[in-house]
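What follows is one structure encoded as structure tokens, with my remarks underneath.
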RNA sequence: CGGGAUGUGGCCCAGCCUGGUAGGGCACUGCGUUCGGGACGCAGGAGUCGCGCGUUCGAAUCGCGCCAUCCCGACCA
């Protein structure tokens, strides 16, 4: 490709509405342009990278036995009503009516459509397992689109769905996808980590997220310094402490204390001269509308996802002031476990604790020396808090570390959630009708591209891994008005293309500085400079974008040497043994 | 939805407080010089100052309303 012919509008200044680095660089490098909030056009340079990412995904999905389909973006409400998500999925689901006033939506995901397709066509265990995937536009009407294509409303996603006859097969399908994802992100050249994750809206038995490690990532994750345990912070477990039966002889008498206008943990600890660890925080939640109280140590935070999963609720949120008043007989700030009108659950952090401070369920009063069993009861102890860096690994006990990541892929073991709701059944070997066991597996294509930039860039621009670089090599004749230089550029351009290398020839009549800066910005891995001095000596200069390493190569050997470098890099990234997350 | 900020040629911004001619840099067109890390000179083209209403002799500037965009929060396969 000739730069002079390419629709490649680079931008010198940082766009005022782009905050994160990948967003800035994608705009500056002429990869994307915004149409409206959360909706982007992809330009030729950006689309070349997108297509490469998609191709790697296709190769690995096909290799894992999945087959590509293409499902509709517009979907009828009936299917969503059948699965129960028409009412459950909030405003993120863009709904509209067609001319016959039939309710429709733009697909934010395709469990309903695929389940409908498969249930109509698959009738026997002989047709299972099946794994179907697509790369297709999704629309999610995000409340707050941000960070460019990282959290946008319209985006391309690879989504795969597996259908199995039994649990064992379903686990195997999951395993295959897990491995395929590991290969995909390795080939793309990302530093990533699969982590245990919450299943959220999609539901199902268990799931893993594939996180690209980057300080700017939206997600926090915890991983063990000793073993392989890694989990999203909202999922990360905390080991159950050993239970010791308290000795009631150590119980001090319950005391009620006047604590006027003392509400927060900080205020209570200051007022009573105790540490936050000595205080029991009582939080009232509404779980599917029903009030639930959670007891937790004063310096800890409740993990709402854990609470939601523990209760098996669809939604959990902090209770409104009205509900707090109703269950505690007092305004916010004085809730406690004694006499509260709600089911009470306690976090593990309170196990074995005696003589604690908590709210009195009476305005301006707290109690001291409250004891479980004597003064109040709990329905159960559970792991309900957010993990902290001082916690230890729930598997092996070694210290945990924290990192930030960008969720580029998510695999779910769905089980029979959708097959039951939508009656996707088959006839098994034993002649019995059974529900198919499903899995679903997503990769955000655009987000993967953005994550690659977020992780690999410098002050000058993008540092593309060879496998997804829009071009492998950029040839820069320093001055196209010099006939010898221009001719040498044309020759090398032709030779490299014939050698199967993707080349961008910067044949623009621009000064060298402009060309160099654009080359760095768009991040082509190898740059070849053709200048008067080196050319007179029969050489060209090659520069590796990522390392800055330069090499002088005789003109006659340039095409071969550069081809070998490009192919070597591609081979290293595509190596089947390159399947280990870092 | 709550909080904050911003809307001025394609891009980045000044002007607004203190009302009266709409400016700079980049980019663009032409000519000339220049040519290895974002050149220089000369001459040009290009703007309903987000939209509406109001105040005023007169509004980019003051007031009210709306819209859009971005950030923080809530929310989020």
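Residue numbers (my numbering): -9 to 572.
We put the CB at the ideal spot given by N, CA and C, even for glycine.
Closest by C-alpha distance to residue 396, out of 94, 28, 86, 137, is 137. For residue 86, the closest of 131, 450, 251, 159 by C-alpha to C-alpha distance is 131. Closest in C-alpha terms to residue 432, from the list 246, 44, 18, 96, comes 44. Residue 38 and residue 410 have their alpha carbons spaced roughly 41 Å apart.
Note on residue 105: 16 or more other CB atoms within 10 angstroms of its CB, so buried under the neighbour-count rule. The three-state reading of DSSP puts residue 154 in strand, counting E and B together. For residue 183, no alpha helix (DSSP H) encloses it; the enclosing beta strand (DSSP E) starts and ends at 182 to 187. In this structure residue 222 is buried. Its beta-carbon is surrounded by 16 or more other beta-carbon atoms within 10 angstroms. In the three-state reduction of the DSSP assignment, residue 241 falls in the coil class.
In the three-state scheme derived from DSSP, where H, G and I count as helix and E and B as strand, residue -3 is classed as coil.
Distance from residue 368 to residue 332 at the Cβ level is roughly 11 Å; contact not present, criterion being Cβ atoms closer than 8 Å. Nearest in C-alpha terms to residue 305, of all of 65, 477, 233, 279, is 279. In this structure, 228 is the residue among 228, 459, 18, 268 with its C-alpha nearest to the C-alpha of residue 377. Rounded to whole angstroms, residue 412 and residue 102 show a C-alpha spacing of 8 Å. Taking residue 55 as the centre and dropping the five residues before and after it, the same chain places the C-beta of 121, 166 closer than 8 Å to its C-beta, in chain order.
Contact check for residue 461 against residue 429 fails: the beta carbons are separated by 8 Å or more.
The beta carbons of residue 434 and residue 398 sit about 6 Å from each other, so the pair counts as a contact at 8 Å. Assignment of beta-bridge partners to residue 198 by DSSP yields 186, 401. Listed in chain order, the non-local C-beta contacts of residue -4 below 8 Å within the same chain comprise 34, 35, 494, local neighbours out to five positions each way being set aside. A straight line joining the alpha-carbon of residue 456 with that of residue 82 spans about 36 Å.
In this structure the region 160 to 179 does not lie against the region 62 to 69, because fewer than three pairs of beta carbons, one per stretch, are closer than 8 Å.
When C-beta atoms of the region 522 to 534 are compared with those of the region 544 to 555, three or more pairs fall below 8 Å, so the two segments count as touching. When C-beta atoms of the region 255 to 262 are compared with those of the region 212 to 220, fewer than three pairs fall below 8 Å, so the two segments do not count as touching. Using a Cβ distance threshold of 8 Å, residue 299 and residue 351 do not count as a contacting pair. With 16 or more other CB atoms across the displayed protein chains lying within 10 angstroms of its CB, residue 42 is buried. Between residue 427 and residue 340, the CB-CB gap reaches or exceeds 8 Å. Annotation for residue 253: 322, 323, 324 place their beta carbon closer than 8 Å to its own, counting only its chain and skipping 5 residues before and after.
Beyond the five residues adjoining it in sequence on each side, residue 509 comes within less than 8 Å, by CB distance, of 464, 466, 496, 517, 535 in the same chain, given in chain order.
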